[in-house]
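One point on numbering: in my numbering, the residue at position 198 of the sequence shown is 1223, and numbering is uninterrupted. Built from N, CA and C at the ideal position, the CB exists for glycine as well. All of these numbers come straight from a predicted model, not from anything done at the bench. Below: the structure, in structure tokens.
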Amino acid sequence: MNFGGFFDPAGKQRDLEELEDRIADPNLWDDQEKAQKLLKQRSRVQKAIDEAEWLGRAIDDAGVLFEFAVDDPESEADVRVAVDEIATRIANAETEMLLSGPNDQRDAIVSINAGAGGTDAEDWAEMLRRMYLRWCEKKGFATDVIEESPGKEAGIKSSTFTVEGPYAYGLLVTEIGVHRLVRMSPFNAGQSRETSFASVDVHPQIDDEIEIEVLDKDLRIDTYRSSGAGGQHINVTDSAVRITHLPTGIVVSCQNQRSQHQNRDVAMRVLKSRLYELELEKRRAESAEHEAGKMSVSFGSQIRNYVLHPYQLVKDTRTKQETSDVDAVLGGEIDPFIKAFLVAKRNGFDTGGE
């Protein structure tokens, strides 16, 4: 079966051939970072080609199974399994087709911060971090927690982690904003109903092709001992690095690498990504263009509500997408919310929240 323009296999094949020619250049590996970037591009294009071929074969096979099922009822279950997998793969492909921004294909840097709600908010921030890490695991995306501040009693005050995978930024940028949790608190004697907030921010990981000038005189670099509750993400040493960009006040930290030098390199990458995003925001403001995913980040204007009591419901305030399967969402099943936002954005709907 030929999907024609849906996957544009002919165009993808031309892209692949062009990338193969560039990778065949014997001088390519003189620049390791450039070489790695080209390899990632090739992998992404090859994946799209493979997906189109797989879907073609799967649909043909499902047709054969359907014919068998007419005379063999036991084959009906096989048909259902095949159709469900095809539907899932097509849905994923449709989501990727909605991503057309200049940075959508980039890797991402995700930051989660506990807001109003005390210990409950810090626990909620950790629940969100777990939700996103599980989503990444389901996607096959690589993650690395580069900075984390534990809560006083439970949870985390903040966490920053990188996500590497196809369209990581384009998918996760839809999650920017305030997330509100309503539940019976496990942290007070009366187990009263509590409302907690945590904010999510996402930046694209940039590479050396984008020129971000960072002057040494604009930086204050502090080293300190990593602190933590002994979690698997925290390596306690004296090599943690905190970099303050004086002109903007942006502060970034890294504490999980093996040496001070490595921590500084990671922190500088995060700083450049945030400065790049800041520059994009300035340009958007100047041209009165606002990226829908950046709206309503302030507290009190949450993008999504997670209600665990007195009923169970997760509802996005921007798209009205909702589900009562709270456990699945907190376990990383957030693709329906991501896709609903991308569809609404493509259709020009107001996704700025209520």
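Please find out if some non-hydrogen atom of the ligand SAH comes closer than 6 Å to the beta-carbon of residue i.
| i | result |
| --- | --- |
| Lys1345 | Annotation note on the ligand SAH: not contained in the displayed structure, which lists no ligands. |
What residue does the beta strand (DSSP E) around residue i start on, and which one ends it?
| i | result |
| --- | --- |
| Ser1183 | Ile1181 to Glu1189 |
| Arg1267 | Ala1265 to His1270 |
Within a Cβ cutoff of 7 Å, which residues of the same chain sit near residue i, ignoring the five residues on either side of it in sequence?
| i | result |
| --- | --- |
| Gln1038 | Ile1074 |
| His1258 | Caution is warranted here: a pLDDT of 49 is assigned to His1258, below 50, making its placement in the model unreliable, and the coordinate value is therefore given only provisionally. Closer than 7 Å at Cβ, skipping near neighbours: Val1170, Glu1173 and Asn1281. |
| Asp1145 | Ser1210, Phe1212, Glu1219 and Ser1221 |
| Gly1030 | With a pLDDT of 48 at Gly1030, under the threshold of 50, the modelled position of that residue is not reliable, and the figure given next carries that caveat. There are no such residues. |
| Arg1371 | Leu1123 |
| Ser1100 | Leu1090, Phe1093 and Ala1094 |
| Ser1284 | Ser1264 |
| Ser1298 | Ile1134, His1228, Pro1229, Gln1230 and Ile1231 |
Determine the closest residue to residue i out of the options, with distance taken between C-alpha atoms.
| i | options | result |
| --- | --- | --- |
| Val1425 | Phe1222, Ala1107 and Leu1244 | The chain is shown from 1026 up to 1379; residue 1425 falls before or after that span and cannot be answered. |
| Val1239 | Pro1272, Thr1248, Pro1211 and Ala1223 | Pro1272 |
| Ala1292 | Asp1226, Arg1155 and Ile1246 | Ile1246 |
| Ala1107 | Asp1046, Trp1054 and Arg1082 | Arg1082 |
| Arg1105 | Glu1119, Glu1358, Asp1086 and Leu1296 | Asp1086 |
| Val1203 | Asp1226, Val1135 and Glu1189 | Asp1226 |
| Ile1115 | Lys1364, Arg1267, Gly1180 and Val1207 | Lys1364 |
| Ala1077 | Leu1063, Asp1103, Ala1060 and Ala1035 | Ala1035 |
| Met1152 | Ala1139, Lys1163, Lys1164 and Glu1162 | Ala1139 |
| Glu1045 | Ala1193, Arg1205, Lys1182 and Gln1071 | Gln1071 |
| Asp1241 | His1270, Gly1215 and Ala1223 | His1270 |
Name the DSSP beta bridge partners of residue i, please?
| i | result |
| --- | --- |
| Ser1251 | The partner list for Ser1251 (beta bridge, DSSP) is empty, contrary to what the question assumes. |
| Arg1299 | None; Arg1299 has no bridge partner. |
| Phe1222 | Arg1205 |
| Ala1167 | Glu1189 |
Put residue i into one of helix, strand or coil per three-state DSSP.
| i | result |
| --- | --- |
| Pro1229 | strand |
| Ala1049 | coil |
| Leu1338 | strand |
| Asn1288 | helix |
| Ser1210 | coil |
| Arg1294 | helix |
| Tyr1331 | strand |
| Ser1125 | coil |
| Thr1348 | strand |
| Leu1244 | strand |
Could you name the residues of the same chain whose beta carbon sits closer than 8 Å to that of residue i, not counting the 5 residues immediately before and after it, in chain order?
| i | result |
| --- | --- |
| Pro1389 | With the chain running from 1026 to 1379 in the structure shown, residue 1389 is simply not present. |
| Val1351 | Tyr1331, Val1332, Leu1333, Gln1337, Leu1338 and Val1339 |
| Ser1217 | Met1209 and Ser1210 |
| Arg1069 | Gln1130 and Pro1191 |
Between residue i and chain D, is there a C-beta pair that is closer than 7 Å?
| i | result |
| --- | --- |
| Asn1117 | Chain labels in this structure do not include chain D; a single protein chain is all it has. |
Going by DSSP, what residue range makes up the alpha helix (DSSP H) through residue i?
| i | result |
| --- | --- |
| Ser1217 | No alpha helix (DSSP H) holds Ser1217; DSSP gives it neither H nor E. |
| Arg1159 | Gly1143 to Lys1164 |
| Arg1114 | Glu1101 to Met1122 |
| Val1135 | Unbroken run through Val1135 is the beta strand (DSSP E), Ala1133 to Ala1139; no alpha helix (DSSP H). |
| Ser1068 | Gln1057 to Asp1096 |
| Ile1363 | Asp1360 to Arg1371 |
In chain order, what residues of the same chain have a beta carbon less than 6 Å from the beta carbon of residue i, not counting five sequence neighbours either side?
| i | result |
| --- | --- |
| Thr1120 | Lys1364 |
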